[in-house]
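Reviewing the structure listed below.
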Ligand code: SAM
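Residue numbers (this note's numbering): 6 to 280.
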């Protein structure tokens with residue numbers, strides 16, 4: 006018998022993968038967690054029915070969350086990741102020698118536990134001595150931090166369940182307070198095909214708080230619509246004004262210094278969402 010997993014994006018559209026086997030399934034304190042082995046994309050982490058990451062295409066998302074802000078900041082030393090319990094963003098952050106400390110605040114310890122077990126290529130750096138892992142609410146962590154971080158990355162689930170607060174203006178104001186005076190942040194902001202209103206409202210909110218606000222995209226085959234957006238808010242540094250000499254060699258499969266700038270070139274229907 007053939008088994009298929011579908012992430013429904015709307016009542017009438019979904020993204021589907023053939024399953025080899027289910028490795029683990031559990032209702033955690035915060036969400037339904039499924040780890041499944043797919044035929045095309047290898048092991049896949051699914052939370053509340055939504056694809057979080059897969060072995061085959063994870064590098065796109067993790068590289069684009071981490072390297073765009075880290076090359077925009079001239080000397081990122083202290084970095085925070087909110088969410089991201091699979092460890093992929095942390096793995097990319099550690100490729101930057103300037104980073105002295107990377108803190109991960111993930112609300113659900115089970116995501117960390119099962120990513121280490123079934124996605125070791127992604128989670129493999131979570132025990133690195135430059136990393137501090139905190140199991141807790143990223144919203145509360147941000148609310149208590151002040152003038153602390155050079156770069157903050159919000160690698161959250163969609164705005165349902167524990168991540169609802171992570172898409173509010175109050176959260177972005179907290180991020181501004183938690184950042185140093187020249188800090189910047191990036192948040193994953195879903196896709197422009199089905200979540201246009203979300204992107205528009207995040208842009209509106211972040212623009213009221215940060216002087217430099219930009220949207221960039223990446224192509225991720227296992228995320229709904231395949232086109233993903235990231236919102237960058239910065240107090241001082243413009244991602245489009247990074248001098249060529251600042252890009253050091255880095256081992257990546259998607260990110261390049263040319264793509265760093267090209268990712269900000271938006272199709273017109275996406276650009277409209279930023280106005
Ligand atoms: N790359 C994925 C995507 O865009 O589909 C998201 C990665 S997934 C690892 C996001 C993580 O955010 C989940 O493990 C979830 O538990 C965590 N999360 C959700 N709300 C959170 C909160 N309030 N504080 C900290 N982590 C949170």
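For glycine and all other residues, C-beta sits at the position ideal for the given N, C-alpha and C.
Item: If you draw a straight line from the C-alpha of residue 161 to the C-alpha of residue 149, how long is it?; Value: 19 Å
Item: Does residue 264 come out as helix, strand or coil in the three-state DSSP assignment?; Value: helix
Item: For residue 77 and residue 247, which I take to be in contact (beta-carbon distance under 8 Å), what is that distance rounded to the nearest angstrom?; Value: 6 Å
Item: Please confirm whether residue 104 and residue 86 have their CB atoms less than 7 Å apart.; Value: no
Item: Specify the secondary structure class of residue 118 as computed by DSSP and reduced to three states.; Value: helix
Item: Bridge partners of residue 29, per DSSP?; Value: 40
Item: Report back the beta-carbon spacing between residue 253 and residue 73 to the nearest angstrom; my notes put them in contact at under 8 Å.; Value: Not a contact, Cβ separation roughly 15 Å.
Item: Touching or not, the stretch 49-69 and the stretch 219-232, by the rule of three or more beta carbon pairs under 8 Å?; Value: yes
Item: If I measure Cβ to Cβ from residue 180 and keep anything under 7 Å in the same chain, skipping five residues before and after, which residues do I get?; Value: 147, 157, 190
Item: Can you list, in chain order, the stretches of the beta strand (DSSP E) that have 3 or more residues and sit fully within the stretch 174-218?; Value: 184-193
Item: What does the alpha-carbon distance come out to for the pair residue 28 and residue 204?; Value: 34 Å
Item: With residue 259 as the anchor, note down where its alpha helix (DSSP H) starts and where it stops.; Value: Segment: none, residue 259 is in no alpha helix (DSSP H) and carries neither H nor E.
Item: In chain order, what residues of the same chain have a beta carbon less than 7 Å from the beta carbon of residue 166, not counting five sequence neighbours either side?; Value: 35, 36, 53
Item: Run through the stretch 64-136 for me and flag every whole beta strand (DSSP E) of 3 or more residues, listed as ranges in chain order.; Value: 83-88, 106-111
Item: Beta-carbon within less than 8 Å of residue 135's beta-carbon, same chain only, minus the 5 sequence neighbours each way: which residues are those?; Value: 99, 104, 105, 106, 107
Item: On the criterion of 16 or more Cβ atoms from any shown chain inside 10 Å, does residue 196 qualify as buried, or is it exposed?; Value: buried
Item: Is it the case that the CB of residue 74 approaches a heavy atom of the ligand SAM more closely than 6 Å?; Value: no
Item: Please determine whether the Cβ atom of residue 161 lies at a distance below 6 Å from any heavy atom of the ligand SAM.; Value: yes
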